[in-house]
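Participant: So that we are looking at the same thing, I have put the structure below in structure tokens.
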Amino acid sequence: MKSGNLKSLLFYCIFLCLCAATVTSNPRNFDRDVCLLKKKVGPCRAAFDRFYYNVLLKDCRHFIYGGCSSNGNNFKTYKDCMRVCKGV
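Heads up: the sequence shown is residues -25 to -1, 1 to 63, going by mature numbering (1 follows the signal peptide of the UniProt record, and there is no 0).
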């Protein structure tokens, strides 16, 4: 593999990790209005297990997040999702 390709791949991997880490690092800081939004997979091609709040079912549901362009209704765990959105 050429050095330039390796650097590009490394940069891309670091970018994905940083994006994933900033999505839901502290669920207590979220505005509960995000719970009203529809799930958003996003245009990127990563595959992160996440949870979103489904207003009609009044429950959090699993989905696969692409890694970018989150709308906020995107939680790392079911517990985090319910902590923020339960009762919305």
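Quick reminder that beta carbons are idealized off the backbone N, C-alpha and C, glycines included.
These numbers were taken from a predicted model, which means no experiment stands behind them.
DSSP on Asp34, reduced to helix/strand/coil?
Facilitator: strand
Participant: Quick one: is Val59 buried, meaning 16 or more other Cβ sit within 10 Å of its Cβ, or exposed?
Facilitator: buried
Participant: Report the partner residues of Asn29 according to the DSSP bridge assignment.
Facilitator: Asp34
Participant: Can you give me the C-alpha to C-alpha distance between Ala21 and Lys14, rounded to a whole angstrom?
Facilitator: 16 Å
Participant: To the nearest angstrom, how far is the alpha carbon of residue 64 from that of Tyr27?
Facilitator: Residue coverage of the chain in this structure runs from -25 to 63, which leaves residue 64 outside it and unanswerable.
Participant: Sort out for me which residues DSSP pairs Asp24 with in a bridge.
Facilitator: Ile39
Participant: Report the residue from Phe38, Ile39, Arg25 and Leu32 whose alpha carbon sits nearest the alpha carbon of Asp55.
Facilitator: Arg25
Participant: Would you decide whether Gly41 is buried or exposed? Buried here means 16 or more other CB atoms lie within 10 Å of its CB.
Facilitator: buried
Participant: Nearest to Gly17 by CA position, among Ser45, Val63 and Tyr53, is which residue?
Facilitator: Ser45
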